[in-house]
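Q: Below you will find the structure I want to go over with you.
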Amino acid sequence: MSVRHRRPLLVATVLAGAGLALTACGPDNTDTATGPAPAASNTVAAKPTAGGPGTAGAPTTGTGARPTTHAPSGGSTKSGSGGAAGGPCDVQNLSIHLSARSGAPSQRVIEVQNKGGNACTLSATPGVDLGNSATRDQSKNLKPILAAGTMRYTVAAGKTAYVVLDLDPSGATAGTTPGINEVNVLADDEDGNMPLASIQNFPLGADAKVLNPSMGMYRATLAEAVASVASAPN
9 MSVRHRRPLL
19 VATVLAGAGL
29 ALTACGPDNT
39 DTATGPAPAA
49 SNTVAAKPTA
59 GGPGTAGAPT
69 TGTGARPTTH
79 APSGGSTKSG
89 SGGAAGGPCD
99 VQNLSIHLSA
109 RSGAPSQRVI
119 EVQNKGGNAC
129 TLSATPGVDL
139 GNSATRDQSK
149 NLKPILAAGT
159 MRYTVAAGKT
169 AYVVLDLDPS
179 GATAGTTPGI
189 NEVNVLADDE
199 DGNMPLASIQ
209 NFPLGADAKV
219 LNPSMGMYRA
229 TLAEAVASVA
239 SAPN
C-alpha cells in the first residue's frame, strides 16, 4: 500500500520541479530574444550623415557647411559706383593731379583724391602712357613697366591715393626717347570702369628725358608710393 501511494507523489514532485525550472529559465530566454541590442543601436547612430566629414566615433571638426569665401581688403568688387562696400570710383568724384617729385627730377607723382562721400576702389595702378601731344596716332605711346600687384585699391572718402611714375629710372642723360612731352592718365584702368573719355593729359615739358619708364602701385602715402616704384623691374 505504501508503495502505490508514493509513486503519484513522486511524479507530482518531479512535474512541479520541472515547472519551476521552466519558469526560472523563461525570463532569461525572453530577454535575450526580444530585448534591445545595444551593439546594433550604436552602429546605426555612428553612421555619418550624407556628406559628413568624419568616421564613426571621430571628433567633430565642423558643421559640414561650405566655408564662405571672403574677398581680401581692396579686392575687386562690382557692388556699385562709390558705394559704402567699395564699388568702383566714379571719375566725377575724383580729383587727379600730376607734379614733379621734389629731389627726384625723373619722377612724377600722380595724386587721386576721392571727393565723394563714400569709399571706392581703383585698379591696382592707373592706366598711364607717355607720348607726344602733337601726334594724332597714340598707338605707339610708351607704357611704363609696372610694380607687381593685381588687387584693387580702396580710397576712403576724402583721402588721396598716390602713385609714382619714374620717367628714367636709370638716370640716363643720353639715348633717351625723343618727342615725349605728355603723360596720359586714366585713374581706373580695369574692366571698363571708366570711359576712355576720362583720360587726363598732363604736359611734361620739351626737356623731359624718358627711357624705360616704370611705375608703382596706388599707396596711401607718398613715401609708400616711392617704395612701390622702386620695386618695379628695371
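Numbering (our numbering), first residue to last: 9 to 242.
Ideal Cβ positions, reconstructed from N, Cα and C, are used throughout, including at glycine.
(1) Let me know if S6 comes out buried or exposed under the rule of 16 or more other beta-carbons within 10 Å of its beta-carbon.
(2) Span of the beta strand (DSSP E) holding E328?
(3) DSSP on Q208, reduced to helix/strand/coil?
(4) Quick check on the DSSP output: the alpha helix (DSSP H) that includes V234 runs from which residue to which?
(5) Could you tell me whether the Cβ atoms of N192 and P96 are closer together than 9 Å?
(6) Within 10 angstroms of its Cβ, does R160 collect 16 or more other Cβ (buried), or is it exposed?
(7) So, under 8 Å CB-CB, G223 and T133 are touching, yes? Tell me the CB distance rounded to an integer number of Å.
(8) Apart from the five residues just before and just after S107, which ones in its own chain have a Cβ nearer than 6 Å to its Cβ?
(9) DSSP on N7, reduced to helix/strand/coil?
(10) Mind checking N242: buried by the 16 CB within 10 Å criterion, or exposed?
(11) Do K140 and N189 have their CB atoms nearer than 9 Å?
A: Once the coordinates are examined:
(1) Outside the displayed range of the chain (9 to 242) lies residue 6, so it cannot be described from this structure.
(2) Past the edges of the chain, shown from 9 to 242, lies residue 328, and the structure says nothing about it.
(3) Taking the first residue of the sequence shown as position 1, residue 208 is located at position 200. Strand.
(4) As a first step, residue 234 is located in the sequence shown; it is residue number 226 there, counting from the start. Run containing V234: L230 to A238, per the alpha helix (DSSP H) assignment.
(5) What you label residue 192 is simply residue 184 of the sequence shown in a count that begins at 1. What you label residue 96 is simply residue 88 of the sequence shown in a count that begins at 1. No, Cβ-Cβ distance for N192 and P96 is not below 9 Å.
(6) Your numbering for residue 160 matches position 152 in the sequence shown. So R160 ends up on the buried side.
(7) One-based indexing of the sequence shown puts residue 223 at position 215. One-based indexing of the sequence shown puts residue 133 at position 125. Checking the sequence, you will find Met at residue 223 rather than Gly. Right, their Cβ atoms sit about 6 Å apart.
(8) As a position in the sequence shown, residue 107 is number 99, starting the count at 1. Same-chain partners within the cutoff: V117.
(9) Summary: the structure shown does not reach residue 7, with the chain confined to residues 9 through 242, and so no result is reported for it.
(10) Looking up residue 242 in the sequence shown gives position 234. With fewer than 16 other beta carbons inside 10 angstroms of its own, N242 counts as exposed.
(11) In the sequence shown, residue 140 corresponds to position 132, counting from 1. In the sequence shown, residue 189 corresponds to position 181, counting from 1. Note that residue 140 corresponds to Asn in the displayed sequence, not to Lys. Taking 9 Å as the Cβ cut-off, N140 and N189 qualify as a contacting pair.
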